[in-house]
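2 protein chains.
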Amino acid sequence: MQKYLTIYHELVRQIQSNQWPESTKLPSENELTEIYATSRETIRKALNQLAQDGYIQKIRGKGSVVIDTNKFDFPVSGIVSFKELATSLQLPANTIVNELAIIEADQELQSKLNINLRDSVWKVVRAREISGEKVILDKDYFNKDFVPELTREICEDSIYDYLENQLELKISFARKEIVVEEPSEEDRSLLDLEGYSNVVVIKSMVYLEDTSLFQYTESRHRPDKFRFVDFARRVK
Amino acid sequence: MQKYLTIYHELVRQIQSNQWPESTKLPSENELTEIYATSRETIRKALNQLAQDGYIQKIRGKGSVVIDTNKFDFPVSGIVSFKELATSLQLPANTIVNELAIIEADQELQSKLNINLRDSVWKVVRAREISGEKVILDKDYFNKDFVPELTREICEDSIYDYLENQLELKISFARKEIVVEEPSEEDRSLLDLEGYSNVVVIKSMVYLEDTSLFQYTESRHRPDKFRFVDFARRVK
DNA sequence: AAAGTTAACTTGTATATACATGTTTATAAG
DNA sequence: CTTATAAACATGTATATACAAGTTAACTTT
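Chains A and B, in that order, are what the protein sequence lines are.
Take 1 as the starting number for the first sequence in the working numbering and just add one per residue.
Take 1001 as the starting number for the second sequence in the working numbering and just add one per residue.
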């Protein structure tokens, strides 16, 4: 593994375990250079990643200050599977597979997945139950060229785990859009909507390392259980 | 100005003006090194920033592929003032200042701004009108230690412009949270809610370069006019 | 005691080099 | 013509050096 990523993960672990508490400073770049027996540029790569991800603020002349990472605030930005999220938050979560089928792309899917009309597409509809309430409906569509096979077992566990570790797809980046919509008939029948008159919808187009678009997803949330947390930097 | 940022901005401009269309490749790092008469590391800094911001995908052995940047999709992630957003989207926008006052912090503000009870805080309430409809209510609170003075004129134009260019505050990063709430009485009276029974609320804590917290903001949106667009990378 | 100056230390930028690793193209062998 | 090999080229990582610029603390001067 790469040195700078190893150091990055080590420092993340240390910050999360409160070894460097909030508003204290990390060792200086020169000190870290000695601690990890490496060059300053390698340390700087790790520190810049920490700053990018909201763990530290680098201040010229002073050092790297640890900033408050609310450990229970889970960043829903980024690309994170439901299983990863549930595991990391220790949620009592459960997945119900409502539908698993190969369909032909209609005009809408055609544009969302950038394929031809009537191309084959995997459609997966899953309800996510948290503390016994069905509050999220995930509708996934996969270009069958990249995902030839899918089973109910995979969908009940983790599709991303299968894609990355079995199929060895390199999932790289996504464009996301969050909007509020009226619940569809499907939402009403598959979710415990409790009378809420809106759903929050996260629409994602997910790309592989070679920039090919392989997945379109709509994640439909009951509004009272929806929470999106983000870290942002002012652009220079 | 720094070379790598100059090159970054130049390449952003070129991509946005379609000089390098989507799914074509930028010149190689070595070619860019010659074009800009600089070192490869400097070029790589600029390219890594482009990748981070979703303009290109770097592929080892191949090159830097331009990825589709929907120019009309404005990223609401990041820290962007309403005026900057309206200008860049060429929106017919207008700001109405409903309230401008110095108040004493109550318990809630105390925790949101990390100050003492009864410390002085600027409170600004502004409705944002787009195409003649009041669809966003921005409630800003500023720690008076950092913002001693505010006028109605500043609030009608751009507070951020004033903070950065007049007061020379270095706005650096923010933690954001998006939730859906029931409209308050204030929302109902100051917005054109048109019967919508929810508002989307973006709560932000904004920090300066030296990690001091100086602003808390609630941006309250009518759900049909709310749209959040984001670019995300899968973490390694 | 207060103010100014310097020295040491911090992060930021730019450059250069070497090698690793993945991709493509041209060439040679069968 | 097909396959295998090698060369050229692409990005990725690690290291080293030099200097710029902001911060802090010690020291000197007044």
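For every residue, glycine included, the Cβ atom is placed at its ideal position computed from N, Cα and C.
Taking 7 angstroms as the upper bound on Cβ-Cβ separation, chain A lies near residues Ile1171, Ser1172, Phe1173, Ala1174, Arg1175, Lys1176, Glu1177, Ile1178 of the region 1159-1178 of chain B.
Within 9 angstroms of the CB of A:Gln57, the CB atoms of chain B belong to Ser1172, Phe1173, Tyr1207, Glu1209, Asp1210, Thr1211, in sequence order along the chain. When DSSP assignments are scanned along the region 1048-1099 of chain B, the uninterrupted stretches of alpha helix (DSSP H) that are 4 or more residues long and fall wholly within it turn out to be 1082-1089. Between A:Leu113 and A:Arg220, the gap from beta carbon to beta carbon reaches 7 angstroms or more. The beta carbon of A:Glu177 lies closer than 6 angstroms to those of Lys203 in the same chain, with the five residues before and after it left out.
DSSP places B:Asn1143 in the strand class (E or B) of the three-state scheme.
At a cut-off of 7 angstroms between C-beta atoms, B:Asp1230 counts as an interface residue with respect to chain A. A check of alpha carbon separations from A:Leu47 across A:Thr38, A:Lys58, A:Gln2 identifies A:Lys58 as the nearest. Assignment of beta-bridge partners to A:Tyr216 by DSSP yields A:Tyr141, A:Met205. Three or more beta-carbon pairs separated by less than 8 angstroms are not found between the region 35-51 of chain A and the region 118-136 of chain A, which leaves the two stretches without contact. Using beta-carbon distances, A:Gly195 does not count as an interface residue toward chain B, since no partner is under 7 angstroms. When C-alpha distances from B:Lys1225 are compared across B:Gly1063, B:Ile1096, B:Glu1194, B:Ala1232, the shortest belongs to B:Glu1194. Within the same chain, and ignoring the five residues on either side of A:Val180 in sequence, the residues whose Cβ sits closer than 6 angstroms to its Cβ are Asn198, Val200. In the structure shown, the three-state DSSP call for B:Arg1234 is coil. Under the criterion of beta carbons closer than 8 angstroms, A:Gln107 and A:Asn116 do not qualify as touching, at roughly 11 angstroms. Against chain B, the CB of A:Val180 has a partner CB under 7 angstroms away; the residue lies at that interface. Leaving aside the five residues that flank B:Asp1187 on each side, the residues in its chain whose CB is nearer than 8 angstroms to its CB run, in chain order, Leu1137, Leu1193, Val1199, Arg1220. Secondary structure within the region 1147-1186 of chain B: the alpha helix (DSSP H) runs of 4 or more consecutive residues, fully enclosed, are 1152-1156 (chain order).
For a cut-off of 8 angstroms, the C-beta gap from B:Tyr1160 to B:Ser1081 is around 4 angstroms, short enough to register as a contact. With contacts defined by Cβ atoms closer than 7 angstroms, A:Gly54 and A:Phe231 form a contacting pair.
If you draw a straight line from the Cα of B:Ile1015 to the Cα of A:Met205, it is about 21 angstroms long. At a Cβ-Cβ threshold of 7 angstroms, B:Glu1029 and B:Ile1043 count as neighbours.
A:Arg128 carries a strand assignment under DSSP once its states are collapsed to helix, strand and coil. Inter-segment contact for the region 1004-1012 of chain B and the region 206-218 of chain A is absent: fewer than three beta-carbon pairs are separated by less than 8 angstroms. Looking from the CA of B:Leu1089, the closest CA among B:Lys1062, B:Pro1148, B:Ser1131 belongs to B:Ser1131. Between the C-alpha atoms of B:Lys1083 and B:Tyr1141 there is a straight-line separation of about 18 angstroms. By the neighbour-count criterion, in which a residue is buried when 16 or more other Cβ atoms sit within 10 angstroms of its Cβ, A:Arg234 is buried. Exclusion of the five residues before and after A:Glu104 leaves Arg118 as the residues of its chain whose Cβ lies within less than 6 angstroms of its Cβ. Among the CB atoms of chain B, none fall inside 7 angstroms of the CB of A:Ile43. Your pair B:Thr1217 and B:Lys1139 checks out as a contact, with CB atoms roughly 7 angstroms apart and the cut at 8 angstroms. For A:Val135, the closest Cβ of chain B is not nearer than 7 angstroms. When 9 angstroms is used as the limit between beta carbons, B:Arg1233 is near these residues of chain A: Gly78, Ile79, Ser172, Phe173, Ala174, in chain order. The beta carbon of A:Leu191 is closer than 7 angstroms to those of Ala127, Lys134, Val135, Leu137, Arg222 in its chain, skipping five residues each way along the sequence.
Counting along the chain, the unbroken alpha helix (DSSP H) around B:Thr1033 starts and ends at 1029-1035. In the three-state reduction of the DSSP assignment, B:Glu1104 falls in the strand class, which pools E and B. Distance from the CA atom of B:Gly1078 to the CA atom of B:Leu1085, rounded to whole angstroms, is 11 angstroms.
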